[in-house]
Ligand code: BGC
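Residue numbers (this note's numbering): 166 to 583.
As structure tokens, then:
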């Protein structure tokens, strides 16, 4: 049976041999959107490691959680004929750029380092185009998490993290009654879509999630389960404070840290924020899987655009090898809040939330309850995701009924596919 962390050690040896052969040089200009406290710390680890190998790192950060601004900047760069050397990109976006012939592959590095044997097959498939690796994954993020401030919960008389949406609503009511904000949230389309997909998983289960948000099945999209999901999203809207509009996700995390709010529903990059602020899991903050079976997968990876010049081409190969090296995967993910993409990195230094993520991931792979994130570009083309984001945000910011939202969403998804 597939075991996420017990994969043959021989691959590590092959990796070492290849690393020795790579000249420690090259230049990379890296376009990414990691600008919050935890994110900047994590990408700093990548920069340092690359420079330690003798390379030159040119940083091109484009602020904006979820990466929408970065993707707009990327398009402009490619259109002007000056793509960055390496770009943080994911899911179907990798395939879309590869189809346009914009990407170099890193097949030589991947072959010599046996990436196939150290990556979960579900992830390896996303990194490949027509059988060749065109992206290198740095991590596995889980989207369906609830973060909480234990002191706020205690003051409100909430004695356990909620395991169903009904329990969540009851806990949130208690927090509000105690005079605190129940749900810290930032009103940006990708954040609205993040809590929407987490609710869909909890209300409908992984099979429904897959039918509706991945396969875009009209029956699922127009079902009563989708109506129920929007109804729960409406409940969540009621638990958010009036100043949520446009707020960045990390500022919402800070509200939980400070004890202004009880909960945040967000992927485990939020844990990177807690850790960067010196907070300890289980003491200063709590993590729990959001209600429902399954695991919403989000993985960050880097792609290598077609650039000219020996230095840059060399930089791409060195960066790909570095990203997949076991030592780097450990250091980076300790800061980022995620777990390594490689299956053979020991988790001894990782905290309880990371270990929970790993165990739940293994169970989800075995139980076929692993689902790719729609909100974080792992599931559907950008055009379709855009329709989801628009509709969910419109719902969140209006008094649209759950029935109307369900119908409009199904229509919008159909339009996007035509
Ligand atoms: C990325 C994370 C990032 C988060 C917030 C997600 O889509 O996968 O790496 O921290 O957005 O910016």
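Glycine is no exception: its CB is placed at the ideal position from the N, C-alpha and C atoms.
- Counting the other Cβ atoms within 10 Å of the Cβ of residue 505 gives 16 or more, which makes it buried.
- Collapsing the DSSP output to three states places residue 230 in a helix.
- Within the same chain, 312, 349, 429, 431, 435, 438, 439 come within 8 Å of residue 418 by CB-CB distance, once the 5 residues on both sides are set aside.
- When beta bridges are read from the DSSP output, residue 293 appears opposite 298.
- Listed as beta-bridge partners of residue 450 by DSSP are 446.
- Taking one beta carbon from each stretch, the segment 245-263 and the segment 211-220 have fewer than 3 pairs nearer than 8 Å; the two do not touch.
- Inclusion of residue 542 and residue 581 in the CB contact set at 8 Å is not warranted, their separation being larger than that value.
- Along the segment 285-371, the beta strand (DSSP E) occurs as fully enclosed runs of 3 or more residues at 300-302, 304-307, 310-313, 346-348, listed in sequence order.
- Within 7 Å of the C-beta of residue 448 there is not a single heavy atom belonging to the ligand BGC.
- Annotation for residue 346: 340, 404, 405, 406, 420, 425, 426, 427 place their beta carbon closer than 8 Å to its own, counting only its chain and skipping 5 residues before and after.
- The distance from the Cβ of residue 235 to that of residue 280 is about 25 Å, inconsistent with a contact at the 8 Å cut-off.
- Annotation: residue 252 is outside any alpha helix (DSSP H); the continuous beta strand (DSSP E) that includes it extends over 251-254.
- For residue 438, no beta strand (DSSP E) segment is defined; the enclosing uninterrupted segment is the alpha helix (DSSP H) at 434-441.
- In the DSSP annotation of this structure, residue 381 is not part of any beta strand (DSSP E), being labelled neither H nor E.
- Ranked by Cα distance from residue 534, the options 508, 327, 459 are led by 459.
- Exclusion of residue 551 from the 7 Å shell around the ligand BGC follows from its C-beta lying no nearer than that to any non-hydrogen atom of the ligand.
- Within the model, the alpha-carbon separation for residue 521 versus residue 446 is close to 12 Å.
- Residue 464 sits in coil when the DSSP states are folded into three classes, being neither helix nor strand.
- Take residue 482, set aside five residues on each side of it, and the residues of its chain with a beta-carbon closer than 6 Å to its own are 274, in chain order.
- Between residue 191 and residue 568 the beta-carbon gap is near 56 Å, outside 8 Å, which marks them as no contact.
- Under DSSP, residue 192 takes part in a beta bridge, and its partners are 221.
- With fewer than 16 neighbouring CB atoms inside 10 Å of its own CB, residue 213 falls in the exposed class.
- In this structure, residue 463 has its CB closer than 7 Å to one or more heavy atoms of the ligand BGC.
- Inclusion of residue 558 and residue 413 in the CB contact set at 8 Å is not warranted, their separation being larger than that value.
- According to DSSP, residue 410 shares a beta bridge with 352.
- Burial check for residue 498: the Cβ neighbour count within 10 Å reaches 16 or more, so the residue is buried.
- Straight-line spacing of the CA atoms in residue 292 and residue 466 works out to 8 Å.
- Judged by DSSP secondary structure, residue 557 falls within the alpha helix (DSSP H) whose first and last residues are 547-561.
- By a beta-carbon distance limit of 8 Å, residue 545 does not contact residue 374. Their separation comes to about 12 Å.
- When rounded, the separation of the alpha-carbon atoms in residue 511 and residue 304 is 14 Å.
- Remark: the shortest separation between the CB of residue 438 and any heavy atom of the ligand BGC does not fall under 7 Å.
- Taking 7 Å as the cut-off, one finds at least one heavy atom of the ligand BGC near enough to the beta carbon of residue 199.
- Put simply, the backbone Cα of residue 231 is about 14 Å away from that of residue 462.
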